[in-house]
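A.B. asks: Just dropping this structure here.
Residue numbers (this note's numbering): 11 to 208.
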């Protein structure tokens with residue numbers, strides 16, 4: 011009986027150590043998803059104004075798989091996260107996801123015809139990494155770094171640094187200024203309006 015249990019635990023431990031190996035590496039995750047985004051943006055069938063909704067839906071599916079919106083939101087609010095009720099947090103995550111999606115896609119959209127190089131993967135720990143890329147144009151190279159976190163068996167992006175400007179830091183500064191004088195509901199009202207106008 012003891013041999014049986016020893017064998018079972020040996021197999022179990024082997025499985026535990028093997029499973030993470032099958033999770034795609036951070037660089038592969040970024041490259042795969044960015045290429046998917048670019049494929050959608052470059053698709054001639056999705057260029058017409060009538061195809062806008064279809065294109066948005068396809069991009070949203072990619073975005074949701076690529077980004078960890080909860081981590082993005084928590085890091086952006088920083089210490090203010092604790093001021094939000096669970097319901098307010100859920101709404102903030104949903105609204106902020108749409109704002110970020112638009113900001114990210116606007117940046118990528120402006121680079122659709124240039125070459126994107128995936129230059130470096132830096133593992134800061136077994137849970138955090140950075141993938142460095144650059145957009146190469148005829149006259150310059152624009153760095154875009156993706157910061158990723160490993161959770162629930164996969165690597166997902168929690169921040170994007172475009173030309174040395176972090177999206178998390180940029181929005182945190184804006185939101186800190188708003189929340190220094192107003193309550194969470196006021197920030198949610200601003201985001202509702204922004205999303206509606208997008």
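In this text, a Cβ means the ideal position worked out from N, Cα and C, and glycines have one as well.
#1: Could you tell me how far apart the beta carbons of residue 156 and residue 170 are, in whole angstroms, since I believe they sit closer than 8 Å?
#2: Can you give the Cα-Cα distance for residue 73 and residue 111, rounded to whole angstroms?
#3: What residue range does the alpha helix (DSSP H) around residue 150 cover?
#4: Which class does residue 35 belong to by DSSP, given the choice of helix, strand or coil?
#5: Could you please give the first and the last residue of the uninterrupted beta strand (DSSP E) stretch that includes residue 125?
#6: What ranges does the alpha helix (DSSP H) occupy inside the stretch 72–118, keeping only unbroken runs of at least 4 residues that lie completely in it?
#7: Kindly indicate which three-state DSSP category residue 142 falls into: helix, strand or coil?
#8: Tell me the DSSP bridge mates of residue 156?
#9: I'd like to confirm the pairing. Which residues does DSSP put opposite residue 161 in its beta bridges?
#10: Do residue 142 and residue 129 have their C-beta atoms within less than 8 Å of each other?
#11: Judging by CA-CA distance, which residue of 146, 104, 151 and 165 is the nearest neighbour of residue 42?
C.D. replies: Concretely, from the data shown:
#1: So it is a contact: roughly 6 Å between Cβ atoms.
#2: When rounded, the distance between both Cα atoms is 7 Å.
#3: Residue 150 -> no alpha helix (DSSP H), and no H or E assigned at all.
#4: Here residue 35 carries a coil assignment [DSSP, helix/strand/coil].
#5: Looking at the DSSP string, the run of the beta strand (DSSP E) that includes residue 125 is 125–133.
#6: Fully contained in the stretch 72–118 are the following alpha helix (DSSP H) runs of length 4 or more, in chain order: 79–87.
#7: Correct three-state label for residue 142: strand.
#8: The partner list for residue 156 (beta bridge, DSSP) reads 141 and 170.
#9: Per DSSP, 164.
#10: Taking 8 Å as the Cβ cut-off, residue 142 and residue 129 qualify as a contacting pair.
#11: Of the candidates 146, 104, 151 and 165, the one whose C-alpha sits nearest the C-alpha of residue 42 is 165.
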